[in-house]
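Scroll down for the structure; my scribbles are underneath it.
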Amino acid sequence: AEPLPGNKTEKWLFAERYLRRYYGMQPGLLGTSKSSDVMTEKIRAMQSFYKLEVTGKLDHNTLQVMKKPRCGVPDVAE
Amino acid sequence: YNLFPKKLKWQKTLVTFRITNYTPDLKKEDVDQAIHDALKVWSVVTPLKFKKLHEGIADIMIGFGRREHGDHNPFDGPEGLLAHAYAPGEGLGGDTHFDEDETWTKDSHTYNLFLVAAHEFGHALGMGHSKDPGSLMYPVYSYAQGFPLSEDDIKGIQELYGPNPDHKKVKPKPEAPNKCDPELSIDAVTELRGEKLVFKDRFFWRLHPQFTEPELTLIQSTWPQLPKKVNAAYENLEKDIVIIFSGIRMWALNGYTLVPGYPKYIHRLGFPKSVRKIDAAVHIDDTGKTLFFTDEDYWSYNEQSGKMDPGYPKSIKDDFPGMQERDGDEVDEVDAASYKNGYLYLFHENLQYEYSYNKRKVARIMRTNDLLNC
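Chains as they are written, first to last, in our numbering: chain H, 36 to 113; chain U, 690 to 1063.
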């Protein structure tokens, strides 16, 4: 498997791009407490879709699934 | 399965397509063939028919492009995004684009154009992404041979278009197993360098000590060279290999890598030709012996001498007494087996028997899926 993005910020930005693209997360909300709630909810939706443990956290399993080669159509329709 | 909101679909049964450009990775005729076959996957299970146009605007415009390629929905270079397609509709609707920065193949190497095209045409016909990892419409790429639609895909597309009136026969892939199904049985179980692998149909669950949840993966997406289904597996820690059995053949893994020189015939272990399949295998670290279960018998193999122990096969029922099914019948066949701390775990249908190897006595009976944290 490809190595996962290195530091915490990189992982966060990588996940944010992923969630924007496939889970309809609005851009530009990072950095506020409200935005992290939105991100947690989107991570939970993604974890539920992929039958991962639903924690809302960017754990190793979740990042690994995000790194897999995939189709560009969003998983959740707007 | 999932459909797009408002159940978008083509309001006609004859859908046109046009290939606007070709990838240099494959011969033109191979691309044509992959596209033809990928559309056929959907037409055999629906009343839909596809017609190829050589010029003008078709319903499904098919092309290869890299990065920004004209739809303000850019690709991302090699890996990552492979392709995308638009739901049925006017203009961009139905159009299907492949990332030219990927390497397109017609075999098991990444990425097989037929499989990706078949998935994308699912979108072009109105299918969203499925949560079923064994379905074609699952969003993550995995290689598999044979007819690519699962029962889940067929249910979805037939909700939109109905079945094929000609009732063409297809062999769909079964839905992915549910780990917490109380009736779950398994095909094989083995350790692999501290992880546990549990095989079921085309899939295996990977239980890693640091993962809280088992991870379900297609066997063929991890090891394309292995057969679709595994009958038995065991780890020999001393040799640091896992042996995988399917029918009369066996493969060896060192870590996740297949060992060259395999497959070999199981008869090289000393089985007579009448044995065509091993149901379960387990290595007993304490004795250096490996037990093989075939139908109602079991065998003991000496890993050091590379020979079967004399006096085998013996009867499972006679040597492992006390394993009773719910109807009171004695268990005389085993689906899978593992060993830990002096206990053998013998799996039969939806139950596992914790068997004290020394006392020759059943200590506990559990559900098979206890193994998967259910």
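Note that beta-carbon positions come from the ideal geometry of N, C-alpha and C, so glycine has one too.
Bear in mind that the values here come from a model prediction, so they are computed numbers and not experimental data.
- The beta strand (DSSP E) runs of length 3 or more contained entirely in the segment 938 to 977 of chain U are, from start to end of the chain, 938 to 943 and 969 to 973.
- Closest in C-alpha terms to U/R882, from the list U/K928, U/H798 and U/D1007, comes U/K928.
- Non-local beta-carbon contacts of H/Y85 in its own chain, meaning distances under 6 Å to residues more than five positions away in sequence, involve V100 in chain order.
- Any Cβ of chain H closer than 9 Å to the Cβ of U/K820 would place that residue at the interface, and such an atom is present.
- Fewer than three beta-carbon pairs drawn from the segment 740 to 750 of chain U and the segment 71 to 82 of chain H are found closer than 8 Å, and the two stretches are therefore not classed as touching.
- Chain-ordered, the chain H residues with CB closer than 9 Å to the CB of U/L770 read R56, P104, R105, C106 and G107.
- In the structure shown, the three-state DSSP call for U/H725 is helix.
- Under the Cβ criterion (8 Å, minimum of three pairs), the segment 88 to 106 of chain H counts as touching the segment 50 to 63 of chain H.
- The beta carbon of U/T983 sits closer than 8 Å to the beta carbons of F960, V964, K966, I967, D968 and P1002 from its chain, once the five residues preceding and following it are set aside; these are given in chain order.
- Close to U/V829, with beta-carbon spacing below 9 Å, are these residues of chain H in chain order: Y85, V100, K103, P104, R105 and C106.
- A straight line joining the alpha-carbon of U/K918 with that of U/I746 spans about 44 Å.
- As DSSP reads the structure, H/C106 sits in a beta bridge with U/A772.
- By the Cβ test, the segment 819 to 839 of chain U is not in contact with the segment 747 to 764 of chain U, since fewer than three Cβ pairs between them sit closer than 8 Å.
- Taking CB atoms only, U/E884 has no neighbour in chain H less than 9 Å away.
- In this structure, U/A813 sits near U/A776, with a CB-CB distance shorter than 9 Å.
- DSSP places H/Q61 outside both helix and strand once states are collapsed to three, so it counts as coil.
- About 15 Å separates the Cβ atoms of U/A941 and U/A877, ruling out a contact at the 8 Å cut-off.
- In the three-state DSSP reduction, U/W988 falls in the strand class (E or B).
- Selection U/I930, U/K696, U/T712 and U/M1055 evaluated against U/G778 yields U/K696 as nearest (Cα-Cα).
- Residue-level contact check: U/T799 touches chain H, since one or more beta carbons of chain H fall below 9 Å from its beta carbon.
- Counting only Cβ-Cβ distances below 9 Å, H/D110 has contacts in chain U at N691, G817, H818, K820 and P828, in chain order.
- By the neighbour-count criterion, in which 16 or more other beta carbons inside 10 Å mark a residue as buried, U/H761 falls on the exposed side.
- With contact defined as three or more Cβ pairs closer than 8 Å, the segment 727 to 741 of chain U and the segment 843 to 862 of chain U are in contact.
- If you draw a straight line from the Cα of U/P898 to the Cα of U/I708, it comes to about 48 Å.
- Secondary structure of U/T705 (DSSP, three-state): strand.
- Note: U/T979 is bridge-paired with U/H972 and U/Y990 in the DSSP secondary-structure output.
- A check of alpha carbon separations from U/L926 across U/H818, U/K701, U/E992 and U/L947 identifies U/E992 as the nearest.
- Using a Cβ-Cβ cut-off of 9 Å, U/A806 does not count as an interface residue toward chain H, since no Cβ of chain H sits closer than that to its own.
- Among the CB atoms of chain H, none fall inside 9 Å of the CB of U/N1058.
- Counting only runs of 3 or more residues that sit fully inside the segment 875 to 911 of chain U, the beta strand (DSSP E) segments are 877 to 881, 884 to 889, 892 to 896 and 904 to 907, in chain order.
- Here H/L48 is exposed, its C-beta having fewer than 16 other C-beta atoms within 10 Å.
- Residues of the segment 86 to 97 of chain H that bring their beta carbon within less than 8 Å of a beta carbon in chain U comprise K86, L87, E88, H95 and N96, in sequence order.
- Taking 8 Å as the upper bound for CB-CB distance, U/Y1046 and U/Y1034 are not in contact here, some 10 Å apart.
- Excluding its 5 nearest sequence neighbours in each direction, U/K978 has C-beta neighbours in its own chain below 8 Å: H972, S989, Y990, N991, E992 and D998, listed in chain order.
- Listed along the chain, the chain H residues whose CB falls inside 9 Å of the CB of U/A774 are C106, G107 and V108.
- The C-beta of U/N943 comes no closer than 9 Å to any C-beta of chain H.
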